[in-house]
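Student:
2 protein chains.
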Amino acid sequence: MSIRIIIADDHTIVRHGLTKLLQQEKDVEVVAQAQNGHATLELARELSPDVIVMDVGMPDLNGIDATQQILHENPNIKVLALSMHAGKKFVVAMLKAGASGYLLKDCALEELTTALQTIIYGRIYLSPAITDIVVDSYVRQPGEAEQSAFSVLSQREREVLQLMAEGNTTKQIALRLHISPKTVEGHRLRLMSKLNIDNIAQLTKYAIQEGLTSAEL
Amino acid sequence: MSIRIIIADDHTIVRHGLTKLLQQEKDVEVVAQAQNGHATLELARELSPDVIVMDVGMPDLNGIDATQQILHENPNIKVLALSMHAGKKFVVAMLKAGASGYLLKDCALEELTTALQTIIYGRIYLSPAITDIVVDSYVRQPGEAEQSAFSVLSQREREVLQLMAEGNTTKQIALRLHISPKTVEGHRLRLMSKLNIDNIAQLTKYAIQEGLTSAEL
DNA sequence: GGGCAAATTAGGGAAATTCCCTATTCTGCC
DNA sequence: GGCAGAATAGGGAATTTCCCTAATTTGCCC
Numbered sequence: 005m006s007i008r009i010i011i012a013d014d015h016t017i018v019r020h021g022l023t024k025l026l027q028q029e030k031d032v033e034v035v036a037q038a039q040n041g042h043a044t045l046e047l048a049r050e051l052s053p054d055v056i057v058m059d060v061g062m063p064d065l066n067g068i069d070a071t072q073q074i075l076h077e078n079p080n081i082k083v084l085a086l087s088m089h090a091g092k093k094f095v096v097a098m099l100k101a102g103a104s105g106y107l108l109k110d111c112a113l114e115e116l117t118t119a120l121q122t123i124i125y126g127r128i129y130l131s132p133a134i135t136d137i138v139v140d141s142y143v144r145q146p147g148e149a150e151q152s153a154f155s156v157l158s159q160r161e162r163e164v165l166q167l168m169a170e171g172n173t174t175k176q177i178a179l180r181l182h183i184s185p186k187t188v189e190g191h192r193l194r195l196m197s198k199l200n201i202d203n204i205a206q207l208t209k210y211a212i213q214e215g216l217t218s219a220e221l
Numbered sequence: 005m006s007i008r009i010i011i012a013d014d015h016t017i018v019r020h021g022l023t024k025l026l027q028q029e030k031d032v033e034v035v036a037q038a039q040n041g042h043a044t045l046e047l048a049r050e051l052s053p054d055v056i057v058m059d060v061g062m063p064d065l066n067g068i069d070a071t072q073q074i075l076h077e078n079p080n081i082k083v084l085a086l087s088m089h090a091g092k093k094f095v096v097a098m099l100k101a102g103a104s105g106y107l108l109k110d111c112a113l114e115e116l117t118t119a120l121q122t123i124i125y126g127r128i129y130l131s132p133a134i135t136d137i138v139v140d141s142y143v144r145q146p147g148e149a150e151q152s153a154f155s156v157l158s159q160r161e162r163e164v165l166q167l168m169a170e171g172n173t174t175k176q177i178a179l180r181l182h183i184s185p186k187t188v189e190g191h192r193l194r195l196m197s198k199l200n201i202d203n204i205a206q207l208t209k210y211a212i213q214e215g216l217t218s219a220e221l
């Protein structure tokens, strides 16, 4: 029986490219594609795939929070993180979220298939460049914790922050998340006081620095 | 008689470094330093220097608009632009503003002194990497104009945009520019409709892309 | 030089949003 | 069991935005 895979990436070309590449492998079947975290979440529920190849930086709901939720609902799914950046924050957060592997986007096809083979057998696969980061993080004394959006803020707060930094109004966010605008307001106020930021401009810059959104319009 | 110079750069280390370097040259005197565009403007009025070494990306009032105003008031001053980026937009805008030279920040001291010698004699000095860009821009058909903040927006609009992207409120901007908050509002509304952007988050990203502000907090 | 378009300035007033306080429910954890 | 933190949301005062209008200035084209 072949490995059933969902591809999650916001760039259409990347999705299609990956799909094309994986279709040439035997024992592999791409059952769905998603262009944001929420869609991935729902597809994972419906299809229960073996593996999700997950882009870390996606609009709407990022790969890290999506991974966390998906694995909470179905721990049998393996998540293979795929990212452009080797940023420590992303790696640590993704692995904490329960990802089974972390690949850099400039890797060769062979590495992708190797990674798939590895994680399907329940082991962890990391890009060579990533291993150093993980070891470094492991060696560091506990106490000097990661000071990033992924430790200071709650998941909902990050979600609201990201949507704000993508240019959504309080109302739009409320609609998107199916909650009251008042609730979104609450999240906003709390996360801004946590970050000690009191304006949208700096909040946007923070989100860019933390990789929750890109500087593209 | 020695060349009287003003150094304008927002980073203290850079300013001090440049000053130190230039002090070792004979026939050169650093008469003042400024850390933003407005300060440079005033110092230029007071001191009428021979040359201003001007950082392109400064908070408050950027180097491009500062250059434009300074040269408008005193065309005898030579402005030597200094920048980290070789971005086409900056180069074109800076030269349009009337700069006599454009240096990249990673150049050697020799290049700086060469540039000073060159522009003091009324000629133009460009970093080698910059020359290509200028030629390219020259070769391009007129008609396909630069679509950047420096052509679409008025100077006041850019100024307001930058201050917004730096996290200032309408009131704070009004105080800074000594105009009514109502006027700032007017500028904001107009520039946002020009850019077809209706929220601060995207506006901040636009300002980052255009180099009017950085992604740092 | 007359005039036109664009820039800069700014007020009035309705509408929307933010800010702060309070409160309930749920979940994980010791 | 209970406690801390997260997620939810309402009320109401205060602030800000949004849209309209308008005066003055400025540069520029014929």
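Protein chains in written order, with our numbering: chain A, 5 to 221; chain B, 5 to 221. Each residue gets a CB set at the ideal place from its N, CA and C atoms; glycine is no exception.
1) Can you give the Cα-Cα distance for E214 (chain B) and K93 (chain B), rounded to whole angstroms?
2) Using the DSSP secondary-structure output, state which residues sit across from D13 (chain A) in a beta bridge.
3) Return yes when the Cβ of N203 (chain B) is within less than 8 Å of the Cβ of T173 (chain A), no when it is not.
4) With DSSP as the reference, identify every bridge partner of L130 (chain B), one or two as the case may be.
5) Contact criterion: CB-CB distance below 8 Å. Does M168 (chain B) meet it with respect to chain A?
6) What residue range is occupied by the uninterrupted alpha helix (DSSP H) comprising L45 (chain A)?
7) In whole angstroms, what is the alpha-carbon distance linking M196 (chain A) and A205 (chain A)?
8) Once DSSP output is grouped into helix, strand and coil, what is the label at L207 (chain B)?
9) The alpha helix (DSSP H) with V188 (chain B) in it runs from where to where?
10) Give me the subset of the region 191 to 203 of chain B whose CB atoms are less than 7 Å from a CB atom of chain A, sorted by chain position.
11) With a cut-off of 8 Å on the beta carbons, I'd call R162 (chain A) and D69 (chain A) a contact; round off their distance for me.
12) DSSP three-state label for Q37 (chain B), please.
13) Give the residues from the region 176 to 191 of chain B that approach chain A closer than 9 Å (Cβ to any Cβ), ordered along the chain.
14) Interface residues of chain A around G215 (chain B) at Cβ under 8 Å?
15) So what does DSSP say about S6 (chain A), is it helix, strand or coil?
16) Can you pull the DSSP bridge partners for D59 (chain A)?
17) Determine the chain B residues that contact L84 (chain A) at a beta-carbon separation under 9 Å, and present them in chain order.
18) Is the CB-CB distance between L86 (chain B) and M58 (chain B) below 8 Å?
19) Buried or exposed: G105 (chain A), going by 16 or more other Cβ atoms within 10 Å of its Cβ?
20) Does the region 121 to 136 of chain B touch the region 168 to 185 of chain B, meaning 3 or more C-beta pairs lie closer than 8 Å?
21) Please compile the residues from chain B whose C-beta is within a distance smaller than 7 Å of the C-beta of Q206 (chain A).
22) Hey, does K209 (chain B) have any beta-carbon neighbour from chain A nearer than 8 Å?
23) Counting only C-beta atoms, is L51 (chain B) closer than 8 Å to chain A at any point?
24) Please decide whether I212 (chain A) counts as near chain B, where near means a Cβ-Cβ distance under 8 Å.
25) Between the C-alpha atoms of L65 (chain A) and H42 (chain A), what's the straight-line distance to the nearest angstrom?
26) Which two residues bound the contiguous alpha helix (DSSP H) that contains H76 (chain B)?
27) State yes or no: is the C-beta of L107 (chain B) within less than 8 Å of the C-beta of L84 (chain B)?
28) Starting from the Cα of L45 (chain B), find the closest Cα among B:V96, B:D54, B:E77, B:L120 and give me that residue.
29) Say whether chain A places a C-beta atom closer than 8 Å to the C-beta of E150 (chain B).
30) Quick check: D31 (chain B) and I56 (chain B), are their CB atoms within less than 8 Å of each other?
31) For T71 (chain B), is the classification buried or exposed, using 16 other Cβ atoms within 10 angstroms of its Cβ as the cut-off for buried?
32) Using a 10 Å radius around the Cβ and a threshold of 16 neighbouring Cβ atoms, would you call A133 (chain B) buried or exposed?
33) So P53 (chain B) and I81 (chain B) are in contact, right, with Cβ under 8 Å, and what is the actual spacing, rounded?
Tutor: Per the coordinate set shown:
1) So the alpha carbons of these two residues sit roughly 8 Å apart.
2) Answer is none; D13 (chain A) lacks a bridge partner.
3) Against a cut-off of 8 Å, the Cβ pair of N203 (chain B) and T173 (chain A) comes out as a contact.
4) Beta-bridge pairing links L130 (chain B) to B:Y106.
5) Chain A contact via Cβ: present.
6) In this chain, the alpha helix (DSSP H) harbouring L45 (chain A) covers 41 to 51.
7) Rounded to the nearest angstrom, the two C-alpha atoms are 12 Å apart.
8) Reduced to three states, the DSSP call for L207 (chain B) is helix.
9) Secondary structure note for V188 (chain B): its alpha helix (DSSP H) is the uninterrupted segment 185 to 199.
10) Listed in sequence order: N203.
11) Contact between R162 (chain A) and D69 (chain A) holds, with the beta-carbon distance rounding to 6 Å and staying under 8 Å.
12) Residue state, collapsed to three classes: strand.
13) Listed by position, the residues of the region 176 to 191 of chain B near chain A (Cβ gap below 9 Å) amount to none.
14) Per Cβ cutoff of 8 Å: no residues; G215 (chain B) is ~11 Å from chain A at best.
15) Note: S6 (chain A) maps to coil in three-state DSSP.
16) Per DSSP, A:L86.
17) Close partners of L84 (chain A) in chain B (Cβ separation under 9 Å) are lacking, with about 29 Å as the shortest Cβ gap.
18) Contact flag set, yes.
19) Buried.
20) Between the region 168 to 185 of chain B and the region 121 to 136 of chain B there are fewer than three C-beta pairs closer than 8 Å, too few to call the two in contact.
21) Close to Q206 (chain A), with beta-carbon spacing below 7 Å, are these residues of chain B in chain order: G171, L221.
22) Using a CB distance cut-off of 8 Å, K209 (chain B) counts as an interface residue toward chain A.
23) For L51 (chain B), the answer is no, since every Cβ of chain A falls outside 8 Å of its Cβ.
24) Proximity of I212 (chain A) to chain B, defined by a Cβ-Cβ separation below 8 Å, is satisfied.
25) For L65 (chain A) and H42 (chain A), the gap between their C-alpha atoms comes out near 6 Å.
26) Per DSSP, the continuous alpha helix (DSSP H) segment holding H76 (chain B) begins and ends at 67 to 77.
27) Between L107 (chain B) and L84 (chain B), the gap from beta carbon to beta carbon is short of 8 Å.
28) Comparing Cα positions, the closest option is B:E77.
29) Confidence in E150 (chain B) is poor, its pLDDT being 49 and thus under 50, which makes the residue's placement unreliable; the coordinate value appears in the next sentence. It does not: the Cβ of E150 (chain B) has no partner Cβ on chain A nearer than 8 Å.
30) I56 (chain B) is positioned such that its CB atom lies no closer than 8 Å to that of D31 (chain B).
31) So T71 (chain B) counts as buried.
32) Result: exposed.
33) Between I81 (chain B) and P53 (chain B) the Cβ distance is about 6 Å, and since that is below 8 Å, they are a contact.
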